[in-house]
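Peer 1: All you need for my numbering is the position in the sequence shown, starting with 1, plus 110.
We put the CB at the ideal spot given by N, CA and C, even for glycine.
All figures in this text were calculated on a predicted structure; none of them were measured in a lab.
Can you read through this structure? Questions will come right after.
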Amino acid sequence: KNAGKDVVSEVKNAPHAISYAPLSQVTDEVKVLTIDSVEPNAENIKNGKYKRIYNLTAVTLKEASPEAEDFLSFILSKEGQEIITEQGLVSNSDTGAFSSKKPEGKLKIYCADSHEDLLEKLKEAYEKINDKLDIDLETKNAKTALESIEEKTQMAIITRKLSEGEKEKFKESRFAKDAIAII
């Protein structure tokens, strides 16, 4: 289940409804409203004109495992950022071409259901490069996801900023932007 896509579907089926959803999950079947005469689109997100944005952030322990580091390097690479753009989000990085260190083992990633499709695409592309790393995705809210990062082989994908206390324990890497669209 994907909360963003569910909201879009509800608004589509109720012509007088109004709500909000991640821009990356909005379809042509609903009307997107401007805010202060600024349209939510990739250009306005990049240039800062559209203000209702959020970052997708990968969070690991400060001492992240080689598995987490390698997958994060893929996300931040040219190849990972192309997938992010294809999925309707705005690229937030490009560290150049990806070269895997080929770690083996398992990596558990916690993410919100609204970003599970994106993570599935990134996982599939990464596993074509390194099939020795087993990546397991599980949906959780940000608070529960961060509380679940106990082992070095875990990562959370969140959309909020870390608190000062969390910054002492975790390392964060912002890798994409999306807008909150009024539909």
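In whole angstroms, what is the alpha-carbon distance linking R284 and L166?
Peer 2: Counted from its first residue, the sequence shown places residue 284 at position 174. Counted from its first residue, the sequence shown places residue 166 at position 56. Their Cα atoms are separated by approximately 6 Å.
Peer 1: Tell me whether V169 sits in a helix, a strand or coil according to DSSP, three-state version.
Peer 2: Start at 1 with the first residue of the sequence shown, and residue 169 comes out as number 59. Residue state, collapsed to three classes: strand.
Peer 1: Could you tell me whether the region 154-168 touches the region 266-274, using the rule of 3 or more Cβ pairs below 8 Å?
Peer 2: Short answer: they touch.
Peer 1: Are there 16 or more other CB atoms within 10 angstroms of the CB of N202, so buried, or fewer, so exposed?
Peer 2: Along the sequence shown, one-based indexing puts residue 202 at 92. With 16 or more Cβ atoms within 10 Å of its Cβ, N202 is classed as buried.
Peer 1: Could you tell me which residues DSSP puts in a beta bridge with E282?
Peer 2: By one-based count along the sequence shown, residue 282 stands at place 172. Partner(s): V169.
Peer 1: Candidates L256, D246, S224: which alpha carbon is nearest A113's?
Peer 2: Start at 1 with the first residue of the sequence shown, and residue 113 comes out as number 3. When each option's Cα is compared against that of A113, the closest is S224.
Peer 1: Under a Cβ-count criterion, where at least 16 other Cβ atoms within 10 Å of its own Cβ denotes burial, should V200 be classed as buried or exposed?
Peer 2: For the purposes of this step, residue 200 is identified with residue 90 of the sequence shown, where counting begins at 1. Burial call: buried.
Peer 1: Within its chain, find whatever has a CB closer than 7 Å to the CB of K231; leave out the 5 residues flanking it on each side and keep chain order.
Peer 2: Counting from one through the sequence shown, the residue named residue 231 turns up at place 121. Result list for K231: I193, Q197, in chain order.
Peer 1: Using the C-alpha atoms, what's the distance from Y236 back to F181?
Peer 2: Reading the sequence shown from its first residue, position 71 is the one you call residue 181. Reading the sequence shown from its first residue, position 126 is the one you call residue 236. Each residue's alpha carbon lies about 7 Å from the other.
Peer 1: Kindly provide the ranges of any alpha helix (DSSP H) runs that are 4 or more residues long and lie completely inside the region 149-232, ordered along the chain.
Peer 2: Taking only runs of at least 4 residues, the alpha helix (DSSP H) segments lying wholly in the region 149-232 are 152-156, 176-186, 188-196.
Peer 1: Between the region 214-222 and the region 183-191, are three or more C-beta pairs nearer than 8 Å?
Peer 2: No, they do not touch.
Peer 1: Would you kindly check if the distance between the Cβ of K233 and the Cβ of T263 is under 8 Å?
Peer 2: By one-based count along the sequence shown, residue 263 stands at place 153. By one-based count along the sequence shown, residue 233 stands at place 123. Result no, Cβ atoms of T263 and K233 do not sit closer than 8 Å.
Peer 1: Work out the CA separation of L133 and K238 for me, nearest whole Å.
Peer 2: The residue labelled residue 238 in the question sits at position 128 within the sequence shown. The residue labelled residue 133 in the question sits at position 23 within the sequence shown. Each residue's alpha carbon lies about 28 Å from the other.
Peer 1: Roughly how many angstroms lie between the CA atoms of N251 and K277, to the nearest whole one?
Peer 2: By 1-based counting over the sequence shown, the position of residue 251 is 141. By 1-based counting over the sequence shown, the position of residue 277 is 167. Going by the C-alpha atoms only, they are around 18 Å apart.
Peer 1: Find the nearest neighbour of R162 within the set K172, M265, V148, judged by alpha-carbon distance.
Peer 2: The residue given as residue 162 occupies position 52 in the sequence shown. Residue V148 is the option with its Cα nearest to R162.
Peer 1: Please report the distance separating the alpha-carbon of L228 from that of Q135.
Peer 2: In the sequence shown, the residue the question calls residue 228 occupies position 118. In the sequence shown, the residue the question calls residue 135 occupies position 25. Their Cα atoms are separated by approximately 11 Å.
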